[in-house]
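A short write-up of the structure that comes next.
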Amino acid sequence: MKTKIAVITDLHYSQSPIHGLPDRKGEQANELLQKAILELNNHIKPDITVILGDMIDRSDELESEKCLEILNNSIDKLNSKVIVLRGNHDPEQEIFSKIMGSTPDFIDINDLRFIPFIDKDEPGCNASRSSLDIERMHNLSAGFSGQMVFLQHVPLFPPDLAQGYYNYTNLDELLTAIRALPNPTLTIAGHEHAGMEMVTSGKDRFIAAPALCESPFQFLMIEIDGDDIKCEYQQLKN
Ligand SMILES: [Fe+2]
0 MKTKIAVITD
10 LHYSQSPIHG
20 LPDRKGEQAN
30 ELLQKAILEL
40 NNHIKPDITV
50 ILGDMIDRSD
60 ELESEKCLEI
70 LNNSIDKLNS
80 KVIVLRGNHD
90 PEQEIFSKIM
100 GSTPDFIDIN
110 DLRFIPFIDK
120 DEPGCNASRS
130 SLDIERMHNL
140 SAGFSGQMVF
150 LQHVPLFPPD
160 LAQGYYNYTN
170 LDELLTAIRA
180 LPNPTLTIAG
190 HEHAGMEMVT
200 SGKDRFIAAP
210 ALCESPFQFL
220 MIEIDGDDIK
230 CEYQQLKN
């Protein structure tokens with residue numbers, strides 16, 4: 000059975016143009032998000048939309064909570080199921096989830112199990128996954144025969160197949176855990192604004208979506224039909 004996944008990430012919403020980073024159009028983020036939502040609701044009709052963090056640009060700004068509320072009002076208009084994750088630019092999880100709603104443990108759609116991770120920020124815009132969350136990966140695999148879709152902000156790739164700027168400080172441990180699962184897995188991230196192409200390592204696949212806030216203003220569509228996975232960047236229409 001086919002499942003359509005829309006991946007939106009890195010909006011970096013800001014009340015004013017972002018100083019020193021002219022390519023990052025944070026001041027347009029809500030408008031860009033609304034365009035993406037119209038396209039998804041009216042044409043693409045995904046089964047689920049995942050929004051993978053860095054909703055706002057600066058969590059220390061006075062207006063940051065107001066910005067999150069504005070984005071949340073836009074996200075409410077999505078017709079599909081939705082999972083929203085915090086990124087390293089967003090406020091702490093407690094404040095984030097108060098505005099954006101709590102993150103589910105997992106969501107099953109067709110033969111896929113979507114599992115969001117709230118990983119710990121590490122220096123250099125890297126991340127680490129707790130041993131409790133690694134255990135959770137194993138527990139959610141038990142008795143489930145379908146494909147597991149892991150959602151997170153920071154890209155996680157086998158280093159021999161792809162090298163991004165950012166990484167997990169406990170990458171080896173994580174890759175070992177993923178490879179030990181009996182299920183095929185797809186790991187989807189954001190954070191790396193140019194996006195990273197899907198790579199395959201045995202039964203496991205890894206991809207990172209491009210930032211919505213930077214030209215050419217794209218999101219990622221993934222269509223999964225059994226072992227077959229199609230990925231396509233969608234540019235926003237004017
Ligand atoms: Fe980020």
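In terms of numbering that gives the first Met the number 0, the sequence shown opens at residue 0 and continues consecutively.
Cβ coordinates follow ideal geometry from the N, Cα and C atoms, glycine included.
On a predicted model such as this, the values are computed, not experimentally measured, just so you know.
Does at least one heavy atom of ligand 1 sit under 8 Å from the Cβ of N29?
What you label residue 29 is simply residue 30 of the sequence shown in a count that begins at 1. No; taking the cut-off as 8 Å, the Cβ of N29 has no heavy atom of ligand 1 nearer than that.
Close Cβ partners of S13 (< 6 Å) along its chain, the five nearest in sequence each way excluded
Within the sequence shown, the letter at position 14 stands for residue 13. Result list for S13: G25, E26 and D56, in chain order.
Looking at the strands, I want to know which residues DSSP matches up with V148.
The residue labelled residue 148 in the question sits at position 149 within the sequence shown. F113 and L185.
Buried versus exposed, by CB contacts within 10 Å (16 or more), L185
Along the sequence shown, read from residue 1 onward, the residue named residue 185 stands at position 186. Sixteen is the threshold: when 16 or more other Cβ atoms of the shown chains lie within 10 Å of the Cβ of L185, as they do, the residue is buried.
Roughly how many whole angstroms lie between the Cα atoms of S15 and N29?
On the sequence shown, position 16 is the one that residue 15 refers to. On the sequence shown, position 30 is the one that residue 29 refers to. Distance between the alpha carbons of S15 and N29 is about 12 Å.
What span of residues does the beta strand (DSSP E) with N125 cover, start to end?
Counted from its first residue, the sequence shown places residue 125 at position 126. Counting along the chain, the beta strand (DSSP E) containing N125 begins and ends at N125 to S127.
Would you call the CB atoms of V148 and Y165 closer than 9 Å?
Residue mapping note: residue 148 aligns to position 149 of the sequence shown, counting from 1. Residue mapping note: residue 165 aligns to position 166 of the sequence shown, counting from 1. Contact flag unset, no.
How do the stretch 54-74 and the stretch 108-128 stand: do at least 3 beta-carbon pairs fall below 8 Å, yes or no?
Counting Cβ pairs under 8 Å, fewer than three are found: no touch.
Between which residues of its own chain and G86 is the CB-CB distance below 6 Å, once the five residues before and five after are set aside?
As a working note, residue 86 is residue 87 in the sequence shown. Correct list, in chain order: G52, D53 and H152.
Given M0, which residues of its chain have a CB within under 6 Å of its CB, disregarding the five upstream and five downstream residues?
For the purposes of this step, residue 0 is taken as residue 1 along the sequence shown, with counting starting at 1. Hits under 6 Å: N109.
On a Cα-Cα basis, can you pick out the residue from S96, A35 and M136 that is closest to N78?
The residue labelled residue 78 in the question sits at position 79 within the sequence shown. Ranking the options by Cα distance to N78, first place goes to A35.
If we count the other Cβ atoms within 10 Å of its Cβ and call it buried at 16 or more, is L131 buried or exposed?
Numbered from 1 along the sequence shown, position 132 holds the residue referred to as residue 131. Classification of L131: exposed, given that the 10 Å Cβ count is below 16.
Identify whether K65 lies in helix, strand or coil by the three-state DSSP scheme.
Indexing the sequence shown from 1 puts residue 65 at position 66. Helix, per DSSP.
For A176 versus M136, is the C-beta distance shorter than 9 Å?
Within the sequence shown, numbered from 1, the residue matching residue 176 stands at position 177. Within the sequence shown, numbered from 1, the residue matching residue 136 stands at position 137. Yes, these two residues count as a Cβ contact at 9 Å.
Just list the alpha helix (DSSP H) runs in the stretch 25-71, keeping only unbroken ones of 4 residues or longer that don't cross its boundaries, in chain order.
28-38
Any chance you could list the residues with Cβ under 5 Å from a heavy atom of ligand 1, keeping chain order?
Listed by position in the chain, the residues whose beta carbon lies within less than 5 Å of some heavy atom of ligand 1 are D53, G86, N87 and H190.
For G194, count neighbouring Cβ atoms within 10 angstroms of its own Cβ and tell me buried if that reaches 16, exposed if not.
For the purposes of this step, residue 194 is taken as the residue at position 195 of the sequence shown. Counting Cβ neighbours within 10 Å, G194 comes out buried, since at least 16 surround it.
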